[in-house]
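**Student:** Quick one: the structure is below, and I'll ask about it shortly.
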Amino acid sequence: MSAADPSAAPAAAADPDGPDSVRLTWNTWPRSKVEASRCVVPLAATISPTRVPDPSAASPPPLPYPPLRCKPPCSALLNPFARVDFAAKIWICPLCFSRNHFPPHYAAISESNVPAELFPQCSTVDYIVGGAGIPGVGGAPPPPPPVFLFVIDTCVIEEELEYVKMAMRKAVALLPEHALVGLVTFGTQVHLHELGFSDLSKIYVFRGTKEISKDQILDQLGLAGAGRPGFPKMPQQPGGPQVNGMHPPSTAGVNRFLLPVSDCEIALSTLLDELQPDQWPVEAGNRAIRCTGVALSVAAGLLGACMPGTGARIIALLGGPCTEGPGMIVSKDLSEPVRSHKDLDKDAAPHFQKAVKFYDGLAKQLVSQGHVLDVFASALDQVGLAEMKVAIERTGGLVVLSESFGHSVFKDSFKRIFEGGEQSLGLSFNGIIEINCSKDIKVQGIIGPCTSLEKKGAMCSDTVVGQGNTSAWKMCGLDRNTSLTVFFDVSPSERSSQPGNQNPHLYIQFVTSYQHPEGQMRIRVTTICRKWVDGSTNTEELVEGFDQETAAVVLARYISLKMEMEEC
Numbered sequence: 017m018s019a020a021d022p023s024a025a026p027a028a029a030a031d032p033d034g035p036d037s038v039r040l041t042w043n044t045w046p047r048s049k050v051e052a053s054r055c056v057v058p059l060a061a062t063i064s065p066t067r068v069p070d071p072s073a074a075s076p077p078p079l080p081y082p083p084l085r086c087k088p089p090c091s092a093l094l095n096p097f098a099r100v101d102f103a104a105k106i107w108i109c110p111l112c113f114s115r116n117h118f119p120p121h122y123a124a125i126s127e128s129n130v131p132a133e134l135f136p137q138c139s140t141v142d143y144i145v146g147g148a149g150i151p152g153v154g155g156a157p158p159p160p161p162p163v164f165l166f167v168i169d170t171c172v173i174e175e176e177l178e179y180v181k182m183a184m185r186k187a188v189a190l191l192p193e194h195a196l197v198g199l200v201t202f203g204t205q206v207h208l209h210e211l212g213f214s215d216l217s218k219i220y221v222f223r224g225t226k227e228i229s230k231d232q233i234l235d236q237l238g239l240a241g242a243g244r245p246g247f248p249k250m251p252q253q254p255g256g257p258q259v260n261g262m263h264p265p266s267t268a269g270v271n272r273f274l275l276p277v278s279d280c281e282i283a284l285s286t287l288l289d290e291l292q293p294d295q296w297p298v299e300a301g302n303r304a305i306r307c308t309g310v311a312l313s314v315a316a317g318l319l320g321a322c323m324p325g326t327g328a329r330i331i332a333l334l335g336g337p338c339t340e341g342p343g344m345i346v347s348k349d350l351s352e353p354v355r356s357h358k359d360l361d362k363d364a365a366p367h368f369q370k371a372v373k374f375y376d377g378l379a380k381q382l383v384s385q386g387h388v389l390d391v392f393a394s395a396l397d398q399v400g401l402a403e404m405k406v407a408i409e410r411t412g413g414l415v416v417l418s419e420s421f422g423h424s425v426f427k428d429s430f431k432r433i434f435e436g437g438e439q440s441l442g443l444s445f446n447g448i449i450e451i452n453c454s455k456d457i458k459v460q461g462i463i464g465p466c467t468s469l470e471k472k473g474a475m476c477s478d479t480v481v482g483q484g485n486t487s488a489w490k491m492c493g494l495d496r497n498t499s500l501t502v503f504f505d506v507s508p509s510e511r512s513s514q515p516g517n518q519n520p521h522l523y524i525q526f527v528t529s530y531q532h533p534e535g536q537m538r539i540r541v542t543t544i545c546r547k548w549v550d551g552s553t554n555t556e557e558l559v560e561g562f563d564q565e566t567a568a569v570v571l572a573r574y575i576s577l578k579m580e581m582e583e584c
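Counting along the sequence shown from 1, when you hit position 245 you're at 261 in the working numbering, and nothing is skipped either side.
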């Protein structure tokens, strides 16, 4: 039997984040719940799921085959800390101690022919799922292209709109030719542009005065097609076949509203040239009529019909507050001021709760579809980010605030999204992170840009912090700098507390599946090992494993969450 030596794992690597991009507040853990409570600083970890520790270093290439899982209910993945019997072709899971047989295609493994996921240095390893985009893999479907749906506010002065057009042209020039793009513009009404109709400029118009359901949107776009002659019928995606874990896009919808840059660059440029500020008259003493909520609903409905389960971003460029329809934060009358912090504290903001409820529903829709909402707000007045916050946070979106679309803050930030090479943010899509732990460890929850998938089980703690009561979370959008804070609880069983049954090491495994910027579906498996100590008799070793930098970050996030969620 062989396995990576757990004791060889250093308490603190030379690179603070180490090759695993994981840091713990305590690198040695107390065995009992009482001892853990005496530590004051919670047992927690910060993890950057897709971070590259050193881009210039030669990291192990992604493995072009699926990972091996332990038998249920554990389901942990094969890792260097597993004990392996090469003669019997068996591996023992270090988390639950179950014995698992290697499948037939591992028949050639031996002590001199070890698969990459068992290399001691490969505590973090990537897998490519389904063979999409792997050279030499015949019959593998091409990876899906990145999708960007732009939502542009036209209730701005002409100078600001010109800045938006310039930024859009630069963004389109930076996109890869196979990337899919779409365009929605809005003011008093919402205009969805059919880029695939080359004969003339074809626009679908939606009223901005009332909330519109996803089914109504699809029906008006002809993507529902139930019993309507002359309209293409959309395939029933959720129950249909999947490719690499994703539903294939609706071809009819993609060819009409979402086109590759190479096919629509000229049409998009023409549309931008013709785009004018909203022509609806604004009476004296009134604000512009802006239906932001309906515009975002139309964008979400379109992506849900065309690209369900495939990574996509809605990029909203907003120039002011929503004054009509769902998501409204202030009335058109300028005599009514935009809500302030005092108004929110006193519950005196008449539109706040209704707007938050709308964006909460939009967030659930986007999360179920695997899509991201980014907001670039350039205005001297508020645009309603407090209400939108739930949709942006839960989908892992980006937020940039500036005074003007001509400001360098907007220009540089907007450009960064589309840049490649060393300047690339490494934007990934449609991720899911799962956590597997040793039996005596439970997960309290996560603070970060994710949403609970409500996967309850024995690993869930009764104490909830952030997104809890689950061991799996959805991350619609993530990049190289995305960081999550995971809180743990020590809950030893009577059997494991007996002197003869105590394991000196604990194991935590993070499994992140996501759509890589290149389009491939990947799985990153990170397994870490730390030591148990008797906190009552070995305080010095416990203190030596304390990471004060990580503790400062964890406590800052925890306190911020408490301030937001609890009444003062």
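Every residue, glycine too, gets a C-beta built ideally from N, C-alpha and C. Owing to the predicted nature of the structure, the values given are computational and were not obtained by experimental measurement.
1) Would you tell me roughly how many angstroms separate the C-alpha atoms of residue 185 and residue 288, rounded to the nearest one?
2) Classify residue 385: buried if its beta carbon has 16 or more other beta carbons within 10 angstroms, exposed otherwise.
3) Helix or strand or just coil, what does DSSP make of residue 466?
4) To which residues does DSSP link residue 365 through a beta bridge?
5) Is it buried or exposed for residue 540, if we count other Cβ within 10 angstroms and need 16 for buried?
6) Report the three-state DSSP secondary structure of residue 290 (helix, strand or coil).
7) Taking C-beta to C-beta, are residue 462 and residue 500 nearer than 8 Å?
8) For residue 565, which residues of its own chain have a beta-carbon under 6 Å away from its beta-carbon, when the five flanking residues on both sides are left out?
9) Could you check the C-alpha separation between residue 354 and residue 557 for me, to the nearest Å?
10) Would you mind giving the Cβ-Cβ distance between residue 83 and residue 122, rounded to the nearest angstrom? I have them listed as a contact below 8 Å.
11) Between the C-alpha atoms of residue 445 and residue 270, what's the straight-line distance to the nearest angstrom?
12) So what's residue 35 in DSSP terms, helix, strand or just coil?
13) Exposed or buried, what is residue 46 when buried is set at 16 or more other beta-carbons lying within 10 Å of its beta-carbon?
14) Return helix, strand or coil for residue 308, following the three-state DSSP convention.
15) In chain order, which continuous runs of the beta strand (DSSP E) of length 3 or greater are located wholly inside the stretch 204-245?
16) Quick one: is residue 478 buried, meaning 16 or more other Cβ sit within 10 Å of its Cβ, or exposed?
17) Could you have a look at residue 460 and say whether DSSP puts it in helix, strand or coil?
18) For the 8 Å Cβ check, are there 3 or more pairs between the stretch 318-328 and the stretch 358-375?
19) Less than 8 Å separating the beta-carbons of residue 460 and residue 437?
20) Closest by CA to residue 375, which one among 95, 345, 165?
21) Thinking residue 549 and residue 60 are a contact (beta carbons under 8 Å), I'd like their distance in whole angstroms, please.
22) By the 10 Å Cβ neighbour count, where 16 or more other Cβ atoms means buried, how is residue 32 classified, buried or exposed?
23) Go ahead and label residue 231 buried or exposed: buried means 16 or more other beta carbons lie within 10 angstroms of its beta carbon, across all protein chains shown.
24) Start and end of the alpha helix (DSSP H) containing residue 179?
25) Specify the secondary structure class of residue 436 as computed by DSSP and reduced to three states.
**Tutor:** On the basis of the coordinates in this document:
1) Between residue 185 and residue 288, the alpha-carbon positions lie close to 8 Å from each other.
2) Label assigned to residue 385: buried.
3) In this structure, residue 466 counts as coil in the three-state DSSP scheme.
4) Answer by DSSP bridge pairing: none, since residue 365 is not bridged.
5) The Cβ neighbour count for residue 540, taken over all protein chains shown within 10 Å, is at least 16; the residue is labelled buried.
6) Residue state, collapsed to three classes: helix.
7) Contact flag set, yes.
8) Cβ within range, chain order: n/a, list empty.
9) The straight-line gap from Cα to Cα measures roughly 55 Å.
10) In fact, because the Cβ distance is near 12 Å, the residues do not count as touching under 8 Å.
11) Counting only the Cα atoms, residue 270 lies some 18 Å from residue 445.
12) DSSP places residue 35 in coil when its eight states are reduced to three.
13) Of the residues assessed, residue 46 falls on the buried side of the cut-off, its CB having 16 or more other CB atoms within 10 angstroms.
14) In the structure shown, residue 308 falls within a helical segment according to DSSP collapsed to helix, strand and coil.
15) The stretch 204-245 contains these whole beta strand (DSSP E) runs: 205-209, 219-223.
16) Per the 10 Å Cβ criterion, exposed.
17) Strand at residue 460.
18) Touching, no.
19) A distance of 8 Å or more separates the beta carbons of residue 460 and residue 437.
20) For the options 95, 345, 165, the alpha carbon positioned closest to that of residue 375 is the one of 345.
21) 17 Å between Cβ atoms; not a contact.
22) Residue 32 sits exposed, since fewer than 16 C-beta atoms from the chains shown fall within 10 Å of its C-beta.
23) Sixteen is the threshold: since fewer than 16 other Cβ atoms of the shown chains lie within 10 Å of the Cβ of residue 231, the residue is exposed.
24) It spans 174-190 - the alpha helix (DSSP H) in which residue 179 sits, taken as one unbroken run.
25) Residue 436 carries a coil assignment under DSSP once its states are collapsed to helix, strand and coil.
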